[in-house]
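Take a look at the structure set out below.
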């Protein structure tokens, strides 16, 4: 286990705060990631062994070196996917907490509206069906609050599987730098397929190989090269899309932040007016519900932006420089 802890630090997971600690624990406890790292270690040991073997052929060394590159690409692919999974689990708690706050505000607002409707109906100032509408709205709000509470408990339980973590805010993910298509695991794997096909074709050029097999190997090499070019074009489009999603996420977050600031000011004003007897408690609760809704929208915008950033990880240089 200490080996994986050290590896995590070297790979750049030693961030400060609750989320980095959760991410580290999540990664360290993942069997697939442990297996992928073990595959890299095994491949590296074989490369070193062949380098020290005076009887090893260049072909053997080349195959072993490619196997190591392939193992690292798979590790990078797995690592990027798991980092996104870790963030989703953590963000789910923050989002669920904002959803519960909004649901509670809605329950309080509808409860006051229902009580007011009942009093007005008793005084003959409101029809019975209006009271029933208010009652149904209040019950619906209670059900929504119960669902939001259950969702939060479920999300928190998921975090507790990996340790004692408290998700209070959305973690700001850094945008990966030096992004290129050639660093994506899918491109690396496709490139390795081309190299393997080239080796197989070269080995079949001797007189001990039939013309039919050489023709088949040549076709396989052409197919591998076509797949590489197709993969490159697809990934180029994906990278462009991911970068635009980050910018869109930034723009959306800026708008949601401005809306949240406005709602906070509006709620503060409503609270002051209520304290001076200028508005009803129902109007105050309505302002609070609008504020909680803006807070939820802001959290969701944060999540969308950070998720867009994490989607760029496969295009970034391998962490740790390996």
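Numbering (my numbering), first residue to last: 14 to 335. Glycine residues also receive a C-beta, built at the ideal position from the N, C-alpha and C atoms.
> Cα-Cα, which of 174, 52, 106 is closest to residue 39?
Replying inline: Residue mapping note: residue 39 aligns to position 26 of the chain shown, counting from 1. Here the closest residue by C-alpha is 174.
> So what does DSSP say about residue 12, is it helix, strand or coil?
Replying inline: Residue 12 falls outside the range modelled here, since the chain spans only 14 to 335, and no answer is possible.
>> Using a 10 Å radius around the Cβ and a threshold of 16 neighbouring Cβ atoms, would you call residue 289 buried or exposed?
In response: Sequence index remark: in the chain shown, residue 289 carries index 276 (1-based). Exposed, because fewer than 16 other Cβ atoms sit within 10 Å of the Cβ of residue 289.
>> For the alpha helix (DSSP H) containing residue 3, name the first residue and the last one.
In response: For residue 3 there is no data in the structure shown, the boundaries of the chain being 14 and 335.
> Hey, out of 49, 318, 326, 46, whose CA is closest to residue 189's CA?
Replying inline: Walking along the chain shown from the start, residue 189 turns up at place 176. Residue 189 has its Cα closest to that of 326, out of 49, 318, 326, 46.
>> If I measure Cβ to Cβ from residue 56 and keep anything under 6 angstroms in the same chain, skipping five residues before and after, which residues do I get?
In response: Within the chain shown, the letter at position 43 stands for residue 56. These residues qualify, in order along the chain: 80, 81, 84.
>> Using the Cβ count rule (16 or more neighbours within 10 Å means buried), how would you classify residue 301?
In response: The residue given as residue 301 occupies position 288 in the chain shown. It is buried - the Cβ of residue 301 has at least 16 other Cβ atoms within 10 Å.
> How should residue 61 be labelled, buried or exposed, when 16 other C-beta atoms within 10 angstroms of its C-beta is the threshold for buried?
Replying inline: Along the chain shown, read from residue 1 onward, the residue named residue 61 stands at position 48. By the 10 Å Cβ count, residue 61 comes out exposed.
>> I need the DSSP call for residue 31, collapsed to helix, strand or coil.
In response: Indexing the chain shown from 1 puts residue 31 at position 18. Helix, per DSSP.
> Assuming residue 119 contacts residue 157 under a Cβ cut-off of 8 angstroms, what Cβ separation, rounded to an integer in Å, is found between them?
Replying inline: Position 106 of the chain shown, counting from 1, holds the residue named residue 119. Position 144 of the chain shown, counting from 1, holds the residue named residue 157. Confirmed, about 7 angstroms.
>> Is the separation between the beta-carbon of residue 304 and that of residue 276 shorter than 9 angstroms?
In response: Reading the chain shown from its first residue, position 291 is the one you call residue 304. Reading the chain shown from its first residue, position 263 is the one you call residue 276. For residue 304 and residue 276, yes; Cβs fall inside 9 angstroms.
>> Using only CA atoms, which one of 197, 221, 104 lies nearest to residue 172?
In response: Within the chain shown, numbered from 1, the residue matching residue 172 stands at position 159. Checking every option, the nearest Cα to that of residue 172 belongs to 104.
> Rounded to a whole number of angstroms, what is the C-alpha to C-alpha distance between residue 145 and residue 155?
Replying inline: Residue 145 sits at position 132 when you count from the first residue of the chain shown. Residue 155 sits at position 142 when you count from the first residue of the chain shown. Their Cα atoms are separated by approximately 15 angstroms.
> Contact between the stretch 62 to 74 and the stretch 195 to 207: three or more CB pairs below 8 angstroms?
Replying inline: no
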